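Asker: Residue numbers (my numbering): 647 to 1092. The C-beta atom is built at its ideal place from N, Cα and C for all residues, glycine as well. Bear in mind that the values here come from a model prediction, so they are computed numbers and not experimental data. Mind looking over this structure? Questions follow.
Structural data, given as structure tokens:
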């Protein structure tokens, strides 16, 4: 989402190379480009004006100390102001109340409220909370059924209401949550294609009835300038406690992420980064600022690894690595499955610092290729997976037919696997530098 903005800001930094210090003249030129980059990213004009004024006031006359270049000095200021613009620190949910803690979800239709309810329930379930979902959206066809199916898939309880009145549904769900000793009640509300008086009246009535400890505004990050107007309307109508940005994995310009915090004055608590049930992450303003400036988000990548990776499987593979032998196609498939759990190659590349991500420049990142490779390996017999040397022409044709691919793809996979085997042998001998150089372009999908 932030590729274009990141590219523009990187270009601004390069223009300051060779300058001895930050002056009014070179700051003016650089900030003109920063202003254009932010406006092109669909950041609200008042937000851009305030941001540029803060950066200029802090950067003007700043000496270039130590080994810093003027570009790096400006980056430091821009980074700090970007993080401040989005909230400076990560703020989680406040659930310190007599159970059940009620979370009310608000936003326009299509923003991703229902899906976010499911994702949030999964996160809370991981924290050992007993969660109940309920939908008060009696207008959108299948809205209640959608939440019910999400709950079933995530093994989270969903309240079935015998009513078509939102307030009656909410009251019944609250009573049920109290009598069954649930820790958290997540309430999905109705949205409209645009803000209207009836919607606002209904959600204010729901808020008055439930008195939620958290009222989260769910906003589509692809809305751009429209997100600002929507956020302001909801903030005026409800005592919001936080914001959830959805669809940050989209290809929009990302202005909502930089505008909504400034407009509402409420922290961005979560970000939707994929459609998968695991695609909801705590929002860290400093990490997002790093990603926008091409510094990557290595901390989030590490946390994803710790949360998603099968540590027993990793320990088994590590043992094979240390022995320097026995790495077969079953292990290769297991590694691909671990990568898919973390969101695939595109999610991995998105969180790498710019200089590492550039190693893949000129190569297409295709997550579908990971699924094709897994299909190819699944079409092999156990003996063929353990010993790829068995794969002669007739076997390759059979596997290609079973996986629905061309024989050339089988050959490409075997070449990649042989390279991976060599890399593993190098790793087992301590050749880390050689291994990293050898990885370039090795994984399927690149």
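#1: State the beta-bridge partners of residue 916 as determined by DSSP.
#2: Do residue 873 and residue 882 have their CB atoms nearer than 8 Å?
#3: Residue 879 and residue 910: beta carbons closer than 8 Å?
#4: In the structure shown, what three-state DSSP assignment does residue 752 receive?
#5: Taking buried to mean at least 16 other C-beta atoms within 10 Å of its own C-beta, is residue 887 buried or exposed?
#6: I need the DSSP call for residue 804, collapsed to helix, strand or coil.
#7: What is the residue span of the alpha helix (DSSP H) that residue 1040 lies within?
#8: For the alpha helix (DSSP H) that contains residue 694, what are its first and last residues?
#9: Work out the CA separation of residue 737 and residue 913 for me, nearest whole Å.
#10: What separation, rounded to the nearest whole angstrom, lies between the Cα atoms of residue 674 and residue 1053?
#11: Residues bridged to residue 863 by DSSP?
#12: Go ahead and pull the three-state DSSP assignment for residue 809.
#13: Who are the near neighbours of residue 889 in its chain, counting only those whose CB is closer than 6 Å to its CB and skipping five residues on each side?
#14: Just to confirm the assignment, what range does the beta strand (DSSP E) spanning residue 832 have?
#15: Let me confirm a value: residue 820 is counted as buried when at least 16 other C-beta atoms fall within 10 Å, else exposed. Which label applies?
#16: Should the segment 764–771 be called in touch with the segment 921–939, which here means at least 3 C-beta pairs below 8 Å?
#17: Give me the Cβ distance between residue 748 and residue 780, rounded to the nearest whole Å; I'm assuming they're in contact under 8 Å.
#18: Output the boundary residues of the beta strand (DSSP E) element that contains residue 780.
#19: By the 10 Å Cβ neighbour count, where 16 or more other Cβ atoms means buried, how is residue 1030 classified, buried or exposed?
#20: Among 908, 701 and 755, whose alpha-carbon lies nearest the alpha-carbon of residue 670?
#21: From residue 726 to residue 753, what distance separates their C-alpha atoms?
#22: How about the segment 843–853 and the segment 796–807: do they share at least three Cβ pairs that are nearer than 8 Å?
Answerer: Short version:
#1: 890 and 928
#2: no
#3: no
#4: strand
#5: buried
#6: strand
#7: 1039–1049
#8: Element bounds for residue 694: 691–705.
#9: 7 Å
#10: 58 Å
#11: Bridge partners of residue 863: 752 and 889.
#12: coil
#13: Around residue 889: 863, 906, 912 and 914.
#14: Counted as a single uninterrupted DSSP element, the beta strand (DSSP E) harbouring residue 832 occupies residues 830–834.
#15: With 16 or more other Cβ atoms within 10 Å, it is buried.
#16: yes
#17: That pair is no contact at about 10 Å.
#18: 777–781
#19: buried
#20: 701
#21: 30 Å
#22: no
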